[in-house]
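The next block holds one structure in the form of structure tokens; read it before the comments.
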Amino acid sequence: MNTDRYQHISDTALLERFYADKDNQWLGILLQRYTMLLLGVCMKYLKNEDDAKDSVQQVFLKAIAELHKYKVAYFKSWIYMVAKNHCLMKLRDQQGKSPAMLNEQTMVMGEEPLSVESHLDKDRMLDAMTLAIEELNAEQKQCVTLFYLDKKSYTQIADATGYSMMQVKSYIQNGKRNLKIGVERIIKQQ
Amino acid sequence: MNKDLLNILSNSNKDIDNQQLMDYLAGKLSDEERHKVEMQLADNDFINDALEGLENVKDPKDINFFVDQLNRDLHKKLLQKQKRKQKRKLLQQRWVYAAVVIILALLIATWLMIIKYQALKGRG
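Shown next, in the form of structure tokens:
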């Protein structure tokens, strides 16, 4: 099916169309948008191409069945949660592991925007950020600064610092999380 | 003070397209474009996990092939489901048609019997 002509329709609009006429073709168009991402998520957890492909198919079937039963508001977050849960369950069955299950509440799609951000003027936020960035450890501060302020790519940062790509990624992600916590604390103190 | 500091905590809601991901994996993007993709990775667990997983595919050229295969399979399954649904509907409709035919036959038979009865009565 040629899905290009549906590109202008948002995920939410496709879901609304599906809920209106229960025609599975809308789900096909919607799910197809995420095939590559779902394959990637399944590959990350299962580390096997055949298992990953098999899991994507099962995630599709599960999604089709579930979407007939109830309404989903944030499809992208939801399908990610379905895929991740499926992989964790599969790993548990394979290895007897009991990974923590995710649910829509605990699953975070991206990070929550800073709760106080909208209420503060930019100058106060900038002051808090400047203080919080100084509180990061040396590696996180270096990587966060190079990535967000100097707009360097992971590769460029790895070349400049001598850290591995994985380290760079981890310093940036942890640094961002710590910055958020730091800013919230500083603002509360003020 | 660097205004870009504010961008650190604002999350990007932009979607990344498959081609961009493939180009990123293939190392075809410029440093600036790589940085843009990585900004989305830092903001979005779904894309971040997906990219880490896609990096594990032995031959990156297979990714598009796998995706096409999965999409074909998805549409095949949806078509099968649709056909099953139509078949069920048709089966239900058949019973309705059968009931209509039986009722019509009964009505015609009753009508014929009444005519016959009246004819006999007229003769008698």
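Chains as they are written, first to last, in this note's numbering: chain D, 1 to 190; chain X, 191 to 314.
The beta carbon of each residue, even a glycine, is placed where N, CA and C say it ideally should be.
Please read all numbers here as calculations on a predicted model, not as lab measurements.
From residue i to residue j, what does the alpha carbon distance come to, in whole angstroms?
i: residue 27 of chain D; j: residue 234 of chain X; result: 23 angstroms
i: residue 186 of chain D; j: residue 134 of chain D; result: 12 angstroms
i: residue 231 of chain X; j: residue 270 of chain X; result: 37 angstroms
i: residue 242 of chain X; j: residue 131 of chain D; result: 32 angstroms
i: residue 184 of chain D; j: residue 145 of chain D; result: 19 angstroms
i: residue 142 of chain D; j: residue 223 of chain X; result: 21 angstroms
i: residue 309 of chain X; j: residue 295 of chain X; result: 21 angstroms
i: residue 287 of chain X; j: residue 40 of chain D; result: 51 angstroms
i: residue 104 of chain D; j: residue 244 of chain X; result: Bear in mind that a pLDDT of 44 at residue 104 of chain D, under 50, signals an unreliable position, so the model cannot answer this.
i: residue 43 of chain D; j: residue 267 of chain X; result: 23 angstroms
i: residue 228 of chain X; j: residue 170 of chain D; result: 12 angstroms
i: residue 263 of chain X; j: residue 24 of chain D; result: 14 angstroms
i: residue 91 of chain D; j: residue 152 of chain D; result: 36 angstroms
i: residue 73 of chain D; j: residue 162 of chain D; result: 43 angstroms
i: residue 65 of chain D; j: residue 11 of chain D; result: 18 angstroms
i: residue 31 of chain D; j: residue 218 of chain X; result: 27 angstroms
i: residue 214 of chain X; j: residue 254 of chain X; result: 14 angstroms
i: residue 178 of chain D; j: residue 257 of chain X; result: 37 angstroms
i: residue 272 of chain X; j: residue 60 of chain D; result: 15 angstroms
i: residue 5 of chain D; j: residue 225 of chain X; result: 30 angstroms
i: residue 285 of chain X; j: residue 297 of chain X; result: 18 angstroms
i: residue 292 of chain X; j: residue 312 of chain X; result: 30 angstroms
i: residue 112 of chain D; j: residue 274 of chain X; result: Confidence in residue 112 of chain D is poor, its pLDDT being 48 and thus under 50, which makes the residue's placement unreliable; the coordinate value appears in the next sentence. In a straight line, the C-alpha of residue 112 of chain D is about 43 angstroms away from that of residue 274 of chain X.
i: residue 140 of chain D; j: residue 168 of chain D; result: 8 angstroms
i: residue 33 of chain D; j: residue 157 of chain D; result: 32 angstroms
i: residue 208 of chain X; j: residue 165 of chain D; result: 22 angstroms
Helix, strand or coil for residue i? Go by DSSP, reduced to three states.
i: residue 245 of chain X; result: coil
i: residue 73 of chain D; result: coil
i: residue 216 of chain X; result: coil
i: residue 237 of chain D; result: There is no way to answer for residue 237 of chain D, as the model of chain D reaches only from 1 to 190.
i: residue 154 of chain D; result: helix
i: residue 6 of chain D; result: helix
i: residue 137 of chain D; result: coil
i: residue 273 of chain X; result: helix
i: residue 308 of chain X; result: helix
i: residue 47 of chain D; result: coil
i: residue 33 of chain D; result: coil
i: residue 187 of chain D; result: helix
i: residue 199 of chain X; result: coil
i: residue 180 of chain D; result: helix
i: residue 104 of chain D; result: Any reading at residue 104 of chain D must be qualified, since the residue scores a pLDDT of 44, below 50, and its modelled position is unreliable; the value itself is stated next. Note: residue 104 of chain D maps to coil in three-state DSSP.
i: residue 206 of chain X; result: coil
i: residue 169 of chain D; result: helix
i: residue 191 of chain X; result: In this prediction, residue 191 of chain X has a pLDDT of 48, which is less than 50 and means its spatial position is unreliable; what the coordinates show is noted afterwards. Coil, per DSSP.
i: residue 121 of chain D; result: coil
i: residue 234 of chain X; result: coil
i: residue 251 of chain X; result: coil
i: residue 22 of chain D; result: coil
i: residue 112 of chain D; result: Residue placement at residue 112 of chain D is flagged as unreliable, the pLDDT there being 48, under the threshold of 50; the coordinate-derived value follows with that caveat. Coil, per DSSP.
Please look up how many angstroms separate the CB atoms of residue i and residue j, rounded, as I've assumed it's under 8 angstroms.
i: residue 63 of chain D; j: residue 82 of chain D; result: 6 angstroms
i: residue 126 of chain D; j: residue 236 of chain X; result: At roughly 30 angstroms, the Cβ-Cβ gap does not stay under 8 angstroms, so residue 126 of chain D and residue 236 of chain X are not in contact.
i: residue 86 of chain D; j: residue 55 of chain D; result: 6 angstroms
i: residue 57 of chain D; j: residue 260 of chain X; result: 7 angstroms
i: residue 149 of chain D; j: residue 194 of chain X; result: 5 angstroms
i: residue 19 of chain D; j: residue 71 of chain D; result: 6 angstroms
i: residue 29 of chain D; j: residue 46 of chain D; result: Going by Cβ atoms, the distance from residue 29 of chain D to residue 46 of chain D rounds to 26 angstroms, so no, they are not a contact pair.
i: residue 180 of chain D; j: residue 199 of chain X; result: 6 angstroms
i: residue 290 of chain X; j: residue 49 of chain D; result: With 8 angstroms as the limit, residue 290 of chain X and residue 49 of chain D do not qualify as a contact, their Cβ atoms being about 55 angstroms apart.
i: residue 196 of chain X; j: residue 129 of chain D; result: 7 angstroms
Review point. Are at least three pairs of beta-carbons, each pair with one atom in the region 160 to 174 of chain D and one in the region 203 to 223 of chain X, less than 8 angstroms apart?
Key: no
Check your understanding: When the Cβ atoms of the region 73 to 85 of chain D are set against those of the region 275 to 284 of chain X, are three or more pairs found closer than 8 angstroms?
Key -> no
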